[in-house]
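Chemist:
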Amino acid sequence: MIAALPVHVTGTRDYSHAEAMAGGVELSEIDYHTMESRKVPGLFLCGEILDLDGRIGGFNFQWAWSSGYVAGRGAVESLSNAHTKVPHA
């Protein structure tokens with residue numbers, strides 16, 4: 100089982116060697132205005148968990164920060180709206 104495979108980290112490299120992951124949750128599965136999942140309401144996604152990658156040079160960092168900002172605002176708005184809804188009698 101791959102989950103039982105021990106992996107020992109022996110060091111790191113600096114940001115000039117940083118790479119991005121490819122793949123992840125398809126962009127069609129999120130509302131890009133809020134970064135909320137269309138399949139799991141209340142789940143907000145950002146960064147490299149999504150299937151989007153850019154060239155090396157800070158583009159992926161910018162995507163992570165920008166999408167994180169949008170996801171955070173979407174989550175706050177979702178929570179605010181949940182508190183203002185009137186329960187059904």
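Residue numbers for the sequence shown follow our numbering, so the first one is 100 and each next one is one higher. Don't be surprised by glycine CBs; every beta carbon is placed ideally from N, CA and C. All of these numbers come straight from a predicted model, not from anything done at the bench.
Could you pull out every residue in the same chain whose Cβ sits closer than 7 Å to the Cβ of M134, ignoring the five residues on either side in sequence?
Modeler: F143, L144, C145, S166, V169, A170 and G173
Chemist: Tell me whether N180 is buried or exposed, calling it buried when 16 or more other Cβ atoms sit within 10 Å of its Cβ.
Modeler: exposed
Chemist: According to DSSP, simplified to helix, strand and coil, what is E135?
Modeler: strand
Chemist: Among the residues of its own chain, which have a CB less than 7 Å from the CB of S136, if the five just before and after it don't count?
Modeler: E128, I129, L142 and L144
Chemist: Taking just the CA atoms, how far does V139 sit from P105?
Modeler: 32 Å
Chemist: Can G123 and I148 be called in contact, C-beta distance under 7 Å?
Modeler: For the pair G123 and I148, the CB atoms are nearer than the 7 Å cut-off.
Chemist: How many Å lie between F158 and L151 at the Cα?
Modeler: 11 Å
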